[in-house]
Amino acid sequence: MSKFLLILLMLTSANTFAAISKWVDVQGRVHYSDQPPPPEAKAETLRSASDSEGSAGTSGVTATSAPAAPKTIAEREAELKKAQQAKQAAADQAAQKQAAADAVKANCANAQQNLRTLQSGVRMVEVDAKGERSYIDDTQRQQRIEKSQQDISNLCK
Numbered sequence: 253m254s255k256f257l258l259i260l261l262m263l264t265s266a267n268t269f270a271a272i273s274k275w276v277d278v279q280g281r282v283h284y285s286d287q288p289p290p291p292e293a294k295a296e297t298l299r300s301a302s303d304s305e306g307s308a309g310t311s312g313v314t315a316t317s318a319p320a321a322p323k324t325i326a327e328r329e330a331e332l333k334k335a336q337q338a339k340q341a342a343a344d345q346a347a348q349k350q351a352a353a354d355a356v357k358a359n360c361a362n363a364q365q366n367l368r369t370l371q372s373g374v375r376m377v378e379v380d381a382k383g384e385r386s387y388i389d390d391t392q393r394q395q396r397i398e399k400s401q402q403d404i405s406n407l408c409k
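First residue of the sequence shown: 253, per this note's numbering; consecutive thereafter.
Here it is as structure tokens:
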């Protein structure tokens, strides 16, 4: 069993050190190969012999003509900070939209409750600026019902 495992590990690790290239021939066909492409073909190295399995670029494709210079720690920190600020701004904007939607929903519910109260027929009392109570008559009730219906049609969409 251990011999079989050893042979299996040797076979799977043999491909680890091979350079894989992607190139397009003159007919426009795309080829993937561990052999070097013809000189007239435009080639990209997908994995070079010196790369380890996990250290390939983030996309897995590295151009052979211009390898990217490694970024400094300060550049990486600046990019990270910029990404975090963009993420925070997006979260703040989403929170503001959610708060506005919640406020509209609450106003809609209040307008519907107000309409139900007005249509219930219960005698309603108003308190004026002096603190005196007065009952609402039928014309005032009808005006408030119409106003509540307009509010509902504007708020509850």
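Positions of the beta carbon are idealized from the N, C-alpha and C atoms, including for glycine.
Unbroken alpha helix (DSSP H) run spanning residue i, endpoints
i	result
K333	325-371
Reduced DSSP secondary structure (H/G/I, E/B, other) of residue i
i	result
K255	helix
E398	helix
R375	coil
S304	Note that S304 has pLDDT 47, beneath the 50 cutoff, so the model's placement of it is unreliable and no number is given.
Beta-carbon separation (whole angstroms), residue i vs residue j, contact threshold 8 Å
i	j	result
L407	V356	6 Å
S400	N359	That belief does not hold up - the Cβ atoms of S400 and N359 are roughly 12 Å apart, past 8 Å.
P289	S273	6 Å
Unbroken beta strand (DSSP E) run spanning residue i, endpoints
i	result
K274	272-276
R420	The first residue shown for the chain is 253 and the last is 409, placing residue 420 beyond what the model contains.
### Message
If contact is defined by three or more beta carbon pairs under 8 Å, each pair taking one atom from either stretch, is the region 363-377 in contact with the region 387-395?
### Response
Taking a contact to require three or more Cβ pairs closer than 8 Å, the region 387-395 and the region 363-377 qualify as touching.
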